[in-house]
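Chains as they are written, first to last, in the working numbering: chain H, 1 to 382; chain L, 1001 to 1382.
Built from N, CA and C at the ideal position, the CB exists for glycine as well.
Small disclaimer: the values here were computed from a predicted structure and weren't measured.
2 protein chains.
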Amino acid sequence: MIIEEETEDYMKITAPTLLLDKQKCLQNIAVMAKKAKQNGVRLRPHFKTHQSAQVGEWFKDTGVEAITVSSLRMAKYFADQGWTDILVAFPTNLLEIDLINELAGRIKLHLLVVNTETLEVLQQQLQFPVNVWLKVDAGYRRTGVLPHDHTTIDNLLNNIEASNSLMFSGFLVHDGHTYKQTDTKAIQTIHSTTVYLLQMLRERYFVRFPGLQLSIGDTPSCSVVENLSGVDEIRPGNFVFYDLTQQRIGSCSFDDIAVCMACPVVAKHPERHELIIYGGSVHFSKDVLPQEDGSVCFGNVVELNGKGWSAPLEGIKLVSLSQEHGIVKANPEQFAKYEIGDLMYILPVHSCLTSDLMKGYLTLEGEWLEHLSGVPQYALAR
Amino acid sequence: MIIEEETEDYMKITAPTLLLDKQKCLQNIAVMAKKAKQNGVRLRPHFKTHQSAQVGEWFKDTGVEAITVSSLRMAKYFADQGWTDILVAFPTNLLEIDLINELAGRIKLHLLVVNTETLEVLQQQLQFPVNVWLKVDAGYRRTGVLPHDHTTIDNLLNNIEASNSLMFSGFLVHDGHTYKQTDTKAIQTIHSTTVYLLQMLRERYFVRFPGLQLSIGDTPSCSVVENLSGVDEIRPGNFVFYDLTQQRIGSCSFDDIAVCMACPVVAKHPERHELIIYGGSVHFSKDVLPQEDGSVCFGNVVELNGKGWSAPLEGIKLVSLSQEHGIVKANPEQFAKYEIGDLMYILPVHSCLTSDLMKGYLTLEGEWLEHLSGVPQYALAR
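Rendered as structure tokens:
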């Protein structure tokens, strides 16, 4: 009763733990690498989802040489792991100029720029050349230059051209609004519009910058759209693990989801068929999947089998989270299967945030993999 | 432009950082300690909000000797800091029986129980005596025994009485539904109903267990209700820092909020008066404060002054979060105040989750304080 029969003894899980199915993860990597190759585009995977030295190595094994990260701290972590071509897909944080210079001195560092003010400060303070991408907003409206705003783009490019330490790489888009779609045709429309906009930009500026490249990347587009040609590189990230959000969008099947939470059952409420698990918002994150009936879902329950885990079980799901508690609502049949002291296995809604909170992974083979968030501060100090 | 003038040089903030106003924090602690004393109840503060060895010491200075935590791992952390009377206010996780025994052997450990199955396993596997509280559900409906369910309560108490390692401490309630109220009268009604229910339980069982105690604790009740008598101890936690959620509830004023995020401004969008900050859901958490006009708020912007920070500024707030990006919407006047490379200061919606994500604090005096989530794994290994 205390240790689930299906849990291998070497795992000895006693508290919330993020399991990683390495085979599924390798398969997700292989599928995307093959798709990139067939489309003649470079796969520059976004490592913000896994943030793990070891998972990074699995990408290296498929021939990936260039990566994307979302912070300079993450760039430093992967530079320390031997990666030499790193794009920080986040508007350049000028306050970290020392870290920028440290990295620019030893790797091929790519920065993202939205405003001319940023270029002016970089030009003054850079000690080594860096590659600069202009972030273009093709519809997401988070950040980026609007593609028809030629005045701003011209200003930015004039600044870059006038600088001796800024090398223009090209135009970069992140279509985050694909995450709001559940219709693959909508995702295809977003994608093809973005490629069209980027190609217009290339046409406008290629005489001045013959080597300029086009970079796109979001997991829904890269998963759903078959024809990814027309750009130079793709930067999907979440696909390495996928999650319930991506399944809802249509980017993956349940079977592609490569991470799963293991949570102890700590209390039972037979009168309302609810189970309390040790696993809350500090483990899963508060990201939620709204259901058609107006209820919410924080995770789908699966069962472990000899090879990994099952598809989501019917009649049981994670319906509420507080700091350390989760409430799992079940039908009578599912409720009866769980005893206090069992482990319950739950697919996460958003694998990026769950991984960041869990700070490490346990593979089904019993190996611990690190995550940047779990790396001690002293290891990051320069 | 790169470093805000008002930021003291010794702080050297370059990335999202959680600032702690020690004076406000000490004041929050002092007010609650005084209130507990005046009401003749023991203050057993919940340490899950701060999870910091140093903040714990500030409580010790006011005479606090007994504490509450939300996991056995947190109990171990504070036991290692010299705390000897620790209540784990979470249904006992049987999978951590080794840790329970390790702690029970060296501190006065209090566990929470909801089901008889838990008591049976504890009775079999405990190597040292522990104190047991019955968790009573007075209306929150997360977990606990319903107060009128005498059959279940009798069964639980029979099990405890028959055991030689389980000592009955009393009945414990957490009225988490006070967090959903914005009317102080509603909070007072919830509180007085709970005290009434607990006193009925004491009346029913005090002959059998003359020393049984009553424990309640949620920050809204403990902040809003003046008369906290009628129970033996209170266990509020969030009050140590407070946050925008507690201000909305009416537990505190903006001026009582003792933590504040410092986030670099990384991009500007003059056409829509939006500023992009380095500070996203991996820093703030996704907890949100719905606004009357149907919009959402992930944080209120303040300004630093010589003594700490101002009240929330009008016309500027954090309206959207993705993994590392935050979008701040401003009116033209506020928008014009910020340059790329400035720091922006933002009060968090939920200080417990923000602290857990930030993994440490920087006081206004420039001292770094630790948080359990930032403590390296090796330091927690037994």
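Checking contacts by CB at 7 Å: is residue 310 of chain H closer than that to chain L?
No Cβ of chain L is located within less than 7 Å of the beta carbon of residue 310 of chain H.
With a threshold of 7 Å between beta-carbons, can residue 1230 of chain L be considered close to chain H, or not?
Residue 1230 of chain L does not count as touching chain H.
Assuming residue 980 of chain L is part of the beta strand (DSSP E), what are its boundary residues?
Limits of chain L in this structure are 1001 at one end and 1382 at the other, which puts residue 980 of chain L out of reach.
For residue 1058 of chain L, which beta-bridge partners are listed by DSSP?
Residue 1058 of chain L is not bridged to any residue.
Quick test of the definition: if touching needs 3 or more C-beta pairs under 8 Å, does the stretch 1280-1293 of chain L touch the stretch 1229-1236 of chain L?
Of all C-beta pairs linking the stretch 1280-1293 of chain L to the stretch 1229-1236 of chain L, fewer than three are shorter than 8 Å, placing the two stretches out of contact.
Beta carbon of residue 1020 of chain L, beta carbon of residue 1354 of chain L: below 7 Å?
The answer is no: Cβ separation not under 7 Å.
Between residue 246 of chain H and chain L, is there a C-beta pair that is closer than 7 Å?
The C-beta of residue 246 of chain H comes no closer than 7 Å to any C-beta of chain L.
Under 7 Å between C-beta atoms, does residue 1143 of chain L make it to chain H?
Chain H contact via Cβ: present.
Within 10 Å of its beta-carbon, does residue 261 of chain H have 16 or more other beta-carbons around it, so buried, or fewer, so exposed?
So residue 261 of chain H ends up on the buried side.
Kindly indicate the opening and closing residues of the beta strand (DSSP E) around residue 173 of chain H.
First-last of the beta strand (DSSP E) with residue 173 of chain H: 166-173.
Can you tell me whether residue 1084 of chain L is helix, strand or coil according to DSSP?
For residue 1084 of chain L, the secondary structure class from DSSP, reduced to helix, strand or coil, is coil.
Chain L beta carbons: is any one of them nearer than 7 Å to that of residue 287 of chain H?
Interface residue, yes.
When burial is assigned at 16 or more other CB atoms within 10 Å of the CB, is residue 1075 of chain L buried or exposed?
Its Cβ being crowded by 16 or more others within 10 Å, residue 1075 of chain L is buried.
For the stretch 175-194 of chain H, enumerate the residues whose C-beta is nearer than 8 Å to any C-beta of chain L, in chain order.
For the stretch 175-194 of chain H, residues whose beta-carbon sits nearer than 8 Å to a beta-carbon of chain L comprise 176.
Are at least three pairs of beta-carbons, each pair with one atom in the stretch 1267-1279 of chain L and one in the stretch 1309-1326 of chain L, less than 8 Å apart?
A contact exists between the stretch 1267-1279 of chain L and the stretch 1309-1326 of chain L.
Considering residue 1351 of chain L, what are the terminal residues of the alpha helix (DSSP H) in which it resides?
From DSSP, the alpha helix (DSSP H) with residue 1351 of chain L extends over 1351-1358.
Run through chain L and tell me which residues come within less than 9 Å of residue 216 of chain H, C-beta to C-beta.
Ordered by position in chain L, no residue passes the 9 Å Cβ test against residue 216 of chain H, which lies about 17 Å from the chain.
Burial state of residue 369 of chain H (16 or more Cβ within 10 Å)
By the 10 Å Cβ count, residue 369 of chain H comes out buried.
C-alpha distance - residue 1205 of chain L paired with residue 1199 of chain L, whole-angstrom precision
If I take the Cα positions, the gap works out to 10 Å.
Run the proximity test for residue 1120 of chain L: is its beta-carbon closer than 6 Å to any non-hydrogen atom belonging to the ligand SAM?
Absence of the ligand SAM is noted for the structure shown, with no ligands found whatsoever.
What's the gap between the Cα of residue 27 of chain H and the Cα of residue 248 of chain H?
The alpha-carbon separation between residue 27 of chain H and residue 248 of chain H amounts to approximately 20 Å.
Provide the residue span of the beta strand (DSSP E) that contains residue 266 of chain H, from first to last.
First-last of the beta strand (DSSP E) with residue 266 of chain H: 259-269.
Neighbouring residues, chain H, relative to residue 1115 of chain L (Cβ below 8 Å)
From the beta-carbon of residue 1115 of chain L, the residues of chain H found nearer than 8 Å are 267, 268, 340.
DSSP beta-bridge partners of residue 1317 of chain L:
Paired residue(s): L:1300, L:1329.
Using 7 Å as the threshold, is the C-beta distance between residue 1053 of chain L and residue 1043 of chain L below it?
Cβ distance not < 7 Å, so residue 1053 of chain L and residue 1043 of chain L don't count as in contact.
Per DSSP, what kind of secondary structure is residue 1277 of chain L in: helix, strand or coil?
Looking at residue 1277 of chain L - three-state DSSP - the assignment turns out to be strand.
Do residue 91 of chain H and residue 112 of chain H have their CB atoms nearer than 7 Å?
Residue 91 of chain H is a Cβ neighbour of residue 112 of chain H, given a cutoff of 7 Å.
Quick one: Cα of residue 1432 of chain L to Cα of residue 1291 of chain L, how far?
This structure cannot speak to residue 1432 of chain L, because chain L is shown only from 1001 to 1382.
Considering residue 1344 of chain L, what are the terminal residues of the beta strand (DSSP E) in which it resides?
Taken as a continuous stretch (DSSP letters only), the beta strand (DSSP E) holding residue 1344 of chain L covers 1343-1348.
Between residue 355 of chain H and chain L, is there a C-beta pair that is closer than 7 Å?
Not one beta carbon of chain L lies nearer than 7 Å to the beta carbon of residue 355 of chain H.
Sub-7 Å separation of residue 1345 of chain L and residue 1302 of chain L beta-carbons
Yes.
Touch test, the stretch 1162-1181 of chain L against the stretch 1209-1219 of chain L, Cβ-Cβ under 8 Å, three pairs minimum
Counting Cβ pairs under 8 Å, three or more are found: they touch.
Three-way DSSP call (helix, strand, coil) for residue 1065 of chain L in this model
Under the three-state reduction of DSSP, residue 1065 of chain L is assigned to coil, being neither helix nor strand.
If residue 1190 of chain L sits next to residue 1175 of chain L, beta carbons under 8 Å apart, how far is it from one beta carbon to the other, in whole angstroms?
Their Cβ separation, rounded to whole angstroms, is 5 Å, which keeps residue 1190 of chain L and residue 1175 of chain L in contact under 8 Å.
Buried versus exposed, by CB contacts within 10 Å (16 or more), residue 269 of chain H
With 16 or more other CB atoms across the displayed protein chains lying within 10 angstroms of its CB, residue 269 of chain H is buried.
Do you know whose CA, among L:1222, L:1162, L:1182, lies nearest residue 1208 of chain L's CA?
Here the closest residue by C-alpha is L:1162.
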